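Numbering-wise, this note's numbering puts 266 at position 283 of the sequence shown, and it's gapless, one number per residue.
Glycine is no exception: its CB is placed at the ideal position from the N, C-alpha and C atoms.
In this text, all values refer to a predicted model and were calculated from it rather than measured experimentally.
All remarks here apply to the structure that follows.
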Amino acid sequence: MEEIQDYYVDGDFITRERLKQGVIKNDFTRYLAYFLLTFWVKLLLMLKKVFFKDTKHYKYKFSICCIFKNEEKYLEEWINYHLVVGVDHFYFYNNNSDDNYLKVLSPFIDKGIVELIDWPFNHSQMKAYEDCYNKHRSDTNWLAFIDVDEFLCPLSHTSITSWLIPFQDYPGVAVYWKQFGSNGKLNHDYSQLVIEQYDQCWPKPSVFTKMFCNMNFPIAEFTNPHHLGSRIFGFKIPAINQYKKIISFGINRLSNSSNSAIQINHYWGKAYDSFLESKINRSDVYHQNDDEMAQSRKKLLKSHESMCTVRNNSIQRFLLYTKLMINNNKC
């Protein structure tokens, strides 16, 4: 358990890693560089807001890009849930699935909710994200890059789009994971939804994030699924988190109150049989070495489960309408 305690966001400043390059090699120089960069980013944001008004009109307010492989069992719930919380459109990149995913997706494709793209390239998650961005950045105001085991859970609003209103002048938002465990289940119950089966979780958010990107700002590069930097006037800036603080030099900052208005429920492994299927026996869409990742995840499981010491059922306020949406879309 101790080896991943630094995955917690706890307090105003969190450092997950020590940087080795250049003069940024101790806490003083790192924090000095962090605050100088913060001032620079705020200045660029202010200048853009003053001198450049965004007048683009988009077909969708909020869309999701997702690459998947053999997720047939979870796609229906995942799509319907996100429709309930205000997602307009989905770009699905199929990475060599051999299950019955098309049967699940076809009704959504017919309704124009889902666009399906075949993506046969191994370990190419970031290339898929970049392809989606290049092709659809003019179609949607906001584009989130998340996976099928991640559920966007607004806490102070009932829709993602209303929560995003204060961020309209920002290039993107990095939202922290809320890590959920197995609830001690050996076998996943397919007669129930994921969001009603698992409520045991870490007491604090993980430092890992996923990105909501504002298409009024160019994305700088596609190298890390957890942090996507942007450009303002050609200058590259780091990801900005849900508290409007930059993430850089291994530092994550929270707001003064540290109360979040949103979380990403990350159902990392679910029941043990699901963990084996999705994290051990299935090839990875991002990491190059499947065997190495499988061994790493086996070692991580005990620590991950040990840290699930509280329960959080905030997402279940959307449970009824998710079930109603599922029934409606089956008609």
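Check	Outcome
Just list the residues that DSSP pairs ASP101 with in beta bridges.	ASN77
Below 8 Å on the Cβ atoms is my guess for PHE200 versus PRO154; work out the distance and round it to an integer in Å.	4 Å
If you check the beta carbons only, do ASN235 and CYS184 fall under 9 Å apart?	no
Could you tell me whether any Cβ in chain B is nearer than 9 Å to the Cβ of VAL67?	The displayed structure is made up of one protein chain only, and chain B is not part of it.
Roughly how many angstroms lie between the CA atoms of SER174 and PHE232, to the nearest whole one?	45 Å
Does the beta-carbon distance from ASN53 to ASP71 come in below 9 Å?	no
My understanding is that VAL177 touches LEU58, with C-beta atoms under 8 Å, so please give their C-beta distance in whole angstroms.	Actually they do not touch by this definition, with Cβ atoms about 11 Å apart.
Where does ASN235 sit, in a helix, a strand or coil, going by DSSP?	strand
Report back the beta-carbon spacing between ALA111 and TYR76 to the nearest angstrom; my notes put them in contact at under 8 Å.	4 Å
For PRO103, is the classification buried or exposed, using 16 other Cβ atoms within 10 angstroms of its Cβ as the cut-off for buried?	exposed
Taking the C-alpha atoms as reference points, what is the distance between ILE230 and PRO149?	19 Å
If we call anything under 9 Å between Cβ atoms a contact, is HIS171 one with ASP256?	yes
Taking the alpha carbon of SER286 as the reference point, which residue from SER165, LEU211, GLN225, SER243 has its own alpha carbon closest?	SER165
Using 9 Å as the threshold, is the C-beta distance between ILE202 and LEU28 below it?	no
Ends of the alpha helix (DSSP H) at TYR17?	10 to 34
Evaluate GLU275 with the Cβ neighbour count: other Cβ atoms within 10 Å of its Cβ, from every protein chain shown; 16 or more gives buried, anything less gives exposed.	exposed
Does DSSP put TYR43 in a helix, in a strand, or in coil?	strand
In the structure shown, what three-state DSSP assignment does TYR269 receive?	Confidence is the limiting factor: at TYR269 the pLDDT is only 48, short of 50, which leaves the residue's position unreliable, though a coordinate-based value still follows. In this structure, TYR269 counts as coil in the three-state DSSP scheme.
Unbroken beta strand (DSSP E) runs of length 3 or more, entirely within the segment 150 to 186: which are they?	155 to 163
Using the Cβ count rule (16 or more neighbours within 10 Å means buried), how would you classify ASN197?	buried
Restricting to Cα atoms, I'd like to know which of TYR14, HIS209, TRP160, LYS94 is closest to GLN108.	HIS209
Under a three-way DSSP split, which group does LEU135 fall into?	strand
Quick check on this structure: which residue in GLU133, VAL158, ILE100, ASN224 has the alpha carbon closest to the alpha carbon of GLU60?	GLU133
Do LEU147 and ALA254 have their beta-carbon atoms positioned less than 9 Å apart in this structure?	no
Taking the continuous alpha helix (DSSP H) assigned at LYS306, which residues delimit it?	302 to 313
If you drop the 5 nearest sequence neighbours on each side, which residues of the same chain put their C-beta closer than 6 Å to that of ALA277?	ILE263
Report the three-state DSSP secondary structure of ILE263 (helix, strand or coil).	helix
Considering only DSSP beta bridges, list what TYR57 is partnered with.	Paired residue(s): none; TYR57 is not in a bridge.
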